[in-house]
Each structure stands twice: as structure tokens, then as C-alpha cells.
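J.:
2 protein chains.
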Amino acid sequence: MPNTMLEYSISDLSREFGITTRSIRHYEDIGLLTPQRRGQTRIYAAADRTKLKLILRGKRLGFSLEESREIVDLYDPAKGNTSQLKHLIGKIQQQREKLKQQLNDIHQMMHDLQDAENSCLAALKETG
Amino acid sequence: MPNTMLEYSISDLSREFGITTRSIRHYEDIGLLTPQRRGQTRIYAAADRTKLKLILRGKRLGFSLEESREIVDLYDPAKGNTSQLKHLIGKIQQQREKLKQQLNDIHQMMHDLQDAENSCLAALKETG
DNA sequence: GACCAGCTTTACGTTAACGTAAAGGTAATC
DNA sequence: GATTACCTTTACGTTAACGTAAAGCTGGTC
């Protein structure tokens, strides 16, 4: 149902992603989403849905909405002149560096979890 | 200087990690750190420093302080009876699942960044 | 003994990201 | 035509994670 549709209501999206309509409207309030209107009712297109996915992925990675804006802006850039393009590539590289740091942190944490589990298992074997 | 020391002042730690003393005291307020005292002055041991590292790593991964508490609690657990140990292993597994989701998100985002960069580079070749 | 650097507590202020309530419009259904 | 199920706007409230200011103790130095 979700991916082949042409348009979505606000509750379609709220149901699909398990968030409130208030959140979706909030993202619009700060300019992260700009859905069409039919009368006064919001109509979301596939591109809006994609942006919402990017926002929520950002949230899972601990991004603020302003940080997610950078990601969303990369999704439909102005495609202007050369210097803008080079600026964009710079932004992309920045995001990469941030993700690399997070990858590093995750690996460290995974390692620590392994240590913790090992000592748990050892303690279990001692006790019997 | 940092790693071989026996004790640290609050400003030692704030300097090393680039955070304010207010933050460090805040972590103590909510029970994430419990340094010794000399008089009324806080004295931090290596274990406190390690906990602080865990907290800050959690922050970089978007963990709330309450979520980081789970990680810190894994670092020096009560090591009680069998059922507590099994509970602990459950917690560890939960953290692993969360990190796996984050790994997934990072890989997706890396992929998207690659796409974005490619279309930038393509646009640059057209123009230039 | 005045001064400074660094420590302390208390307490009110701030920002992000929504939650929640109030009041009302619209369109299909019983 | 009244109920139901959506949608809307406006606006005040809430929580986490500190920021910031005020006021004061403490130990060394000029």
C-alpha cells in the first residue's frame, strides 16, 4: 500500500510511520515539509513521504531537526551553479565524517557489549 | 596526561572532554556519576572518567541520558544472582539490536550521500 | 591581608520537539 | 439532520539537558 501510492493524507503517513499528526505538522511549521493543499487539507506526495523518511532516519541517529534539514536539503537541491555544487559536495563530505564518527562509536559500543556479555556468561558458568 | 592519572578534578574532565563543569554536575544530579569528595570538592577516579566517556559516546549516538544510564549500568553491574545475570544479558541484547538499527540507518544514509555526490559530480562535468 | 583561581550550592532561565486541549470546518453515512 | 470520522488552526503546557547568574568557601601568593 505505501510505496506505490500517488498521494497520502496526514493520517496515512502518521499511521505508516507510527508518529502523530502533530509531529508531521510540526515539521511543516519549521519548513521541513511543504505539502500541497486541496482546499485546506494537506496532500502529501511521494517526495514528501521520502523527506519524512529522511527526517525519521535522522531522528533514530540522534540528529536534531536542524541537522536533518541538511540531509533533506541534499535530497532536492537547487542544482545551481558550479560553486553551489562544490559547496554541496562539501556538505556531503561533512555528513560522511559525522557518520564515520558514529560508526566508530557503534563499533566501540558493540565491543564493550561483547565484553559485558562475556563476563556475564562467565559468572553464570561459575554459579552453575 | 589523561589516562594514567589516579584522580581528576572537575575542570580536568571538563577540559579533556570539552564540556562544561555544569554538565558534569548535572550528570551527578541525576545519578550518572558519584565521585568521591575531599572536603566538599569532587574527586573523580578512573572509573568515573570511564563512565563519563560512555555518557558522551551515547550522546554522539543520540542517546538520552536515561538511555546512557543503561549503558553505564552495564559497566559496573551488581553481579548478583542468576536471574539478574540473565536479565543483564537481555539488556545487552536490546542494546545490540538498537545499535544494529543504527548501523542500518548509517549504511542507508551513506548510500544516499553517495548518490547525491554522484549527481553533483555529473552536473559538474556537464557544466565544466 | 588582599587577591586570584578554582571549587561549591541554589535557583531561575532557555531551547527543541513536540503534547494536549479547545474550537471549528467538511463530507459521508445512518 | 444528527452522528461519525476526518481535517483544520491557535495557543498554552511539558520535558530534557543543560545555561547562566548570584553568592560564598578555600588555599596559595604577592
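Chains as they are written, first to last, in our numbering: chain V, 1011 to 1138; chain Y, 1011 to 1138. The beta carbon of each residue, even a glycine, is placed where N, CA and C say it ideally should be. Since we're looking at a predicted model, the values are computed, not measured.
Does the segment 1040–1050 of chain V come close enough to the segment 1075–1095 of chain Y to have 3 or more Cβ pairs within less than 8 Å?
T.: Verdict: no, contact absent.
J.: With the cut-off set at 8 Å, would you say alanine 1055(V) and glutamate 1017(V) are in Cβ contact?
T.: As a first step, residue 1055(V) is located in the first sequence; it is residue number 45 there, counting from the start. As a first step, residue 1017(V) is located in the first sequence; it is residue number 7 there, counting from the start. Yes, Cβ-Cβ distance for alanine 1055(V) and glutamate 1017(V) is below 8 Å.
J.: Within 10 angstroms of its Cβ, does lysine 1061(V) collect 16 or more other Cβ (buried), or is it exposed?
T.: Taking the first sequence and counting its residues from 1, one reaches residue 1061(V) at position 51. The residue in question, lysine 1061(V), is buried, as its Cβ has 16 or more Cβ neighbours within 10 Å.
J.: Since lysine 1061(Y) meets chain V, which of its residues come closer than 9 Å, beta carbon to beta carbon?
T.: Within the second sequence, numbered from 1, the residue matching residue 1061(Y) stands at position 51. The contacting residues do not exist; lysine 1061(Y) stays about 12 Å from chain V at best.
J.: Is the Cβ-Cβ distance between isoleucine 1116(V) and leucine 1071(Y) less than 8 Å?
T.: Against the first sequence, residue 1116(V) aligns to sequence position 106. Against the second sequence, residue 1071(Y) aligns to sequence position 61. Taking 8 Å as the Cβ cut-off, isoleucine 1116(V) and leucine 1071(Y) qualify as a contacting pair.
J.: For glycine 1041(Y), which residues of its own chain have a beta-carbon under 7 Å away from its beta-carbon, when the five flanking residues on both sides are left out?
T.: Indexing the second sequence from 1 puts residue 1041(Y) at position 31. If we look at glycine 1041(Y) and ignore the five residues flanking it on each side, it has no Cβ neighbours.
J.: Checking contacts by CB at 8 Å: is aspartate 1166(V) closer than that to chain Y?
T.: There is simply no residue 1166(V) to check, as chain V begins at 1011 and stops at 1138 in what is shown.
J.: To the nearest angstrom, report how far apart arginine 1032(V) and aspartate 1058(V) are at their CA atoms.
T.: The sequence position of residue 1032(V) within the first sequence is 22, counting from 1. The sequence position of residue 1058(V) within the first sequence is 48, counting from 1. Whole-angstrom Cα-Cα distance: 16 Å.
J.: Exposed or buried, alanine 1126(V), counting other C-beta atoms within 10 Å across all chains shown (16 or more means buried)?
T.: To locate residue 1126(V), count along the first sequence from 1; it is residue 116. Flag for alanine 1126(V) reads buried.
J.: Could you pull out every residue in the same chain whose Cβ sits closer than 7 Å to the Cβ of arginine 1079(Y), ignoring the five residues on either side in sequence?
T.: Taking the first residue of the second sequence as 1, we reach residue 1079(Y) at position 69. Cβ within range, chain order: Leu1042.
J.: Could you pull out every residue in the same chain whose Cβ sits closer than 8 Å to the Cβ of serine 1021(V), ignoring the five residues on either side in sequence?
T.: Along the first sequence, read from residue 1 onward, the residue named residue 1021(V) stands at position 11. For serine 1021(V), where only same-chain residues beyond five positions count, the Cβ hits under 8 Å are Thr1031.
J.: State the start and end residues of the unbroken beta strand (DSSP E) segment that holds isoleucine 1029(Y).
T.: Looking up residue 1029(Y) in the second sequence gives position 19. No beta strand (DSSP E) holds isoleucine 1029(Y); DSSP gives it neither H nor E.
J.: Which of the three DSSP states is assigned to isoleucine 1040(Y) in this structure?
T.: Along the second sequence, read from residue 1 onward, the residue named residue 1040(Y) stands at position 30. Here isoleucine 1040(Y) sits in coil by DSSP.
J.: What ranges does the beta strand (DSSP E) occupy inside the segment 1041–1108 of chain V, keeping only unbroken runs of at least 3 residues that lie completely in it?
T.: With a minimum length of 3 residues, the continuous beta strand (DSSP E) runs that stay inside the segment 1041–1108 of chain V are 1046–1048 and 1051–1055.
J.: In whole angstroms, give me the CA-to-CA distance for serine 1074(V) and isoleucine 1099(V).
T.: Residue mapping note: residue 1074(V) aligns to position 64 of the first sequence, counting from 1. Residue mapping note: residue 1099(V) aligns to position 89 of the first sequence, counting from 1. Computed Cα separation, rounded: 21 Å.
J.: Give, in chain order, every residue of the segment 1081–1100 of chain V whose Cβ lies closer than 9 Å to some Cβ of chain Y.
T.: Result list: Ile1081, Leu1084, Tyr1085, Pro1087, Lys1089, Asn1091, Thr1092, Leu1095, Lys1096, Leu1098 and Ile1099.
J.: Quick one: which residues of the segment 1110–1122 of chain V get their C-beta closer than 7 Å to a C-beta of chain Y? List them in chain order.
T.: For the segment 1110–1122 of chain V, which is checked against every Cβ of chain Y, the residues closer than 7 Å are Gln1111, Gln1112, Leu1113, Asp1115, Ile1116, Gln1118, Met1119 and Met1120.
J.: Under 7 Å between beta-carbons, which chain Y residues line up against glutamate 1127(V)? List them in chain order, please.
T.: What you label residue 1127(V) is simply residue 117 of the first sequence in a count that begins at 1. By Cβ distance, chain Y contributes Ile1099 and Ile1102.
J.: Of all Cβ atoms in chain Y, is any one closer than 8 Å to the Cβ of glycine 1049(V)?
T.: Working through the first sequence from its first residue, we reach residue 1049(V) at position 39. No, glycine 1049(V) does not count as interfacial toward chain Y.
J.: Please classify methionine 1119(Y) as buried or exposed, where buried requires at least 16 neighbouring CB atoms within 10 angstroms.
T.: The residue given as residue 1119(Y) occupies position 109 in the second sequence. Buried, by the Cβ-count rule.
J.: If glutamate 1077(V) sits next to glycine 1068(V), beta carbons under 8 Å apart, how far is it from one beta carbon to the other, in whole angstroms?
T.: The count along the first sequence starts at 1 and reaches residue 1077(V) at position 67. The count along the first sequence starts at 1 and reaches residue 1068(V) at position 58. About 6 Å separates the two Cβ atoms, so the contact holds.
J.: Just to confirm before moving on: does the CB-CB distance between threonine 1051(V) and glycine 1138(Y) stay below 8 Å?
T.: Along the first sequence, one-based indexing puts residue 1051(V) at 41. Along the second sequence, one-based indexing puts residue 1138(Y) at 128. Going by C-beta atoms, threonine 1051(V) is not nearer than 8 Å to glycine 1138(Y).
J.: By the three-class DSSP mapping on this structure, what secondary structure does methionine 1011(Y) have?
T.: Here residue 1011(Y) refers to the residue found at position 1 when the second sequence is read from its first residue. With a pLDDT of 49 at methionine 1011(Y), under the threshold of 50, the predicted position of this residue should be treated as unreliable, though the coordinate-derived value follows. It is coil, neither helix nor strand.
J.: Straight-line CA distance for leucine 1066(Y) to glutamate 1026(Y)?
T.: By 1-based counting over the second sequence, the position of residue 1066(Y) is 56. By 1-based counting over the second sequence, the position of residue 1026(Y) is 16. Cα to Cα, the separation comes out at about 12 Å.
J.: In the DSSP assignment, what are the bridge partners of glutamate 1017(V)?
T.: Residue numbering aside, residue 1017(V) sits at position 7 when the first sequence is read from its first letter. According to DSSP, which records beta bridges pairwise, glutamate 1017(V) is partnered with Ala1055(V).
J.: How about lysine 1089(V) and alanine 1133(Y): do their beta carbons lie closer than 8 Å?
T.: By one-based count along the first sequence, residue 1089(V) stands at place 79. By one-based count along the second sequence, residue 1133(Y) stands at place 123. Cβ atoms of lysine 1089(V) and alanine 1133(Y): closer than 8 Å.
J.: Mark lysine 1110(Y) as exposed unless 16 or more other C-beta atoms lie within 10 angstroms of its C-beta, in which case mark it buried.
T.: As a working mapping, residue 1110(Y) is identified with position 100 in the second sequence. Burial call: exposed.
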